[in-house]
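To start, the structure under review is shown below, and the notes come after it.
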Amino acid sequence: MKFSANIGFLYTELPLPERIRAAKRDGFDAVECHFPYDVPAAEMKAALDETGFTMLGLNTVPGDPAAGDFGLAALPGRREDAAAAVRQAVAYGAAIGARNVHVMAGRTDGGPEAEAAYRETLMLACDLAGAAGMGVLIEPINHRDVAGYHLSRVEHAAEIVEALGRDNLRIMFDCYHTQIMQGDLMKRFAAHLPMIGHVQIAAVPDRGEPDGGEICFERLLASFADAGWEAPVGAEYKPRGGDTKAGLGWLAPPARGAGLNREGLNR
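Dropping the structure here:
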């Protein structure tokens with residue numbers, strides 16, 4: 001199994017380009033991030049080229065977090081802002097060779113106007129990303145961490161993917177969020193595998209390293225591999241001790257002992 005370091009949560013003491021280099025040194029296979037826009041794309045591209053890494057994905061901007069924003073795409077009164085966020089993400093992603101853009105839905109009342117706005121924004125995102133050779137991801141996010149987030153169930157995401165019928169639109173299957181909202185991860189993953197574009201992991205309930213908490217990731221990721229998943233799995237967790245490197249025992253290769261290793265998950 002290969003793993004991608006989410007540099008939005010990992011190596012946070014370093015500038016973003018240096019986080020890419022740190023992930024390479026520590027044995028990851030790729031990177032992904034949240035909001036890289038304050039760093040010139042050329043600097044990120046240089047770090048990616050140096051390490052040989054692919055940036056698997058980045059997010060559209062959330063809006064104004066101080067005002068409660070957590071994404072814009074499904075907000076009926078913010079269509080222009082949502083479109084601008086999509087254009088920004090696609091342009092930046094294309095400049096650094098990113099594979100996907102995650103379009104953040106935002107907090108809504110869950111009504112039909114919000115759903116219509118979301119689908120409209122996603123169609124724009126698919127058009128722009130497709131022209132740049134990129135994919136679009138939508139991620140169900142749990143309501144305990146983000147109350148009112150428009151997309152919270154895998155089945156809702158699947159309905160959208162099917163309804164829009166765009167080849168470059170896929171689900172981001174985040175095990176942390178899905179376990180909190182729905183559970184039944186093995187069967188839910190297998191049932192939606194053709195629609196899944198990326199996978200992320202973190203412990204539940206504390207969102208720390210994946211070798212703790214209530215999910216047995218050794219068995220879960222083995223089941224994903226058996227179902228046919230071959231792409232890197234995103235390590236999107238918050239180090240419990242604040243030190244990314246100190247908590248990387250779960251990533252240990254076979255020669256160093258136990259862990260969710262890259263050569264068969266110690267099955």
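Numbered as in the UniProt record's numbering, the sequence shown ends at 267 without a single skipped number. The beta carbon of each residue, even a glycine, is placed where N, CA and C say it ideally should be.
Next on the checklist: Given this structure, state the Cα-to-Cα distance separating aspartate 184 from isoleucine 201, to the nearest angstrom.
Outcome noted: 15 Å
Item to check | aspartate 38 in three-state terms, based on DSSP | outcome: coil
Checklist entry - Do the segment 61-77 and the segment 105-116 meet, that is, are 3 or more Cβ pairs less than 8 Å apart? => result yes
Checklist entry - Thinking just about the alpha-carbon of each residue, which of Ala30, Gly148, Arg240, Phe217 is nearest to the one in glutamate 50? => result Ala30
Item to check | From Ala41, Asp145, Val101, residue whose alpha carbon lies closest to that of arginine 170 | outcome: Val101
Checklist entry - Can residue 268 and leucine 221 be called in contact, C-beta distance under 7 Å? => result Residue 268 lies beyond the range of the chain shown here (1 to 267); nothing can be said about it.
Item to check | Terminal residues of the alpha helix (DSSP H) in which methionine 181 lies | outcome: 175-181
Next on the checklist: histidine 150 and threonine 108 - do their beta-carbons sit closer together than 7 Å?
Outcome noted: yes
Item to check | Pairwise C-alpha distance: proline 15 and alanine 252 | outcome: 25 Å
Next on the checklist: By DSSP's criteria, leucine 137 is part of a beta bridge. Which residues make up the other side?
Outcome noted: His102, Arg170
Next on the checklist: Alpha carbons only, please: which of Arg219, Gly208, Ala231, Ala225 is nearest the one belonging to glycine 249?
Outcome noted: Gly208
Checklist entry - With 16 other CB atoms within 10 Å as the buried threshold, where does glycine 148 fall? => result exposed
Next on the checklist: For valine 233, list the residues DSSP reports as bridge partners.
Outcome noted: Phe3
Checklist entry - Can you name the start and end residues of the beta strand (DSSP E) that isoleucine 215 belongs to? => result Note, isoleucine 215: premise wrong, no beta strand (DSSP E); not H, not E.
Checklist entry - Is arginine 144 buried or exposed, if buried means 16 or more other CB atoms sit within 10 Å of its CB? => result exposed
Checklist entry - In or out: phenylalanine 3 buried (at least 16 other Cβ within 10 Å) or exposed? => result buried
Next on the checklist: Since leucine 124 and valine 86 should fall inside the 8 Å C-beta cutoff, what is the C-beta to C-beta distance between them, to a whole number of angstroms?
Outcome noted: 6 Å
Checklist entry - Within 10 angstroms of its Cβ, does arginine 25 collect 16 or more other Cβ (buried), or is it exposed? => result exposed
Checklist entry - Going by Cα to Cα distance, which pick from Asp69, Glu155, His198, Val61 is closest to proline 36? => result Val61
Next on the checklist: I'd like to check one pair, glycine 93 with methionine 134: are the Cβ atoms closer than 7 Å?
Outcome noted: yes
Item to check | Supposed contact pair aspartate 206 and glycine 213 - C-beta distance, whole angstroms, cut 8 Å | outcome: 6 Å
Item to check | alanine 5 beta carbon less than 7 Å from that of phenylalanine 28 | outcome: yes
Checklist entry - Which residue's Cα is closest to the Cα of alanine 95: Asp64, Gly68, Lys45? => result Lys45
Checklist entry - By DSSP, does leucine 58 sit in helix, in strand, or in coil? => result strand
Checklist entry - How would you label cysteine 175, buried or exposed, when you count the other beta carbons within 10 angstroms and need 16 or more for buried? => result buried
Item to check | Short Cβ contact (7 Å threshold) for leucine 10 with cysteine 33 | outcome: no
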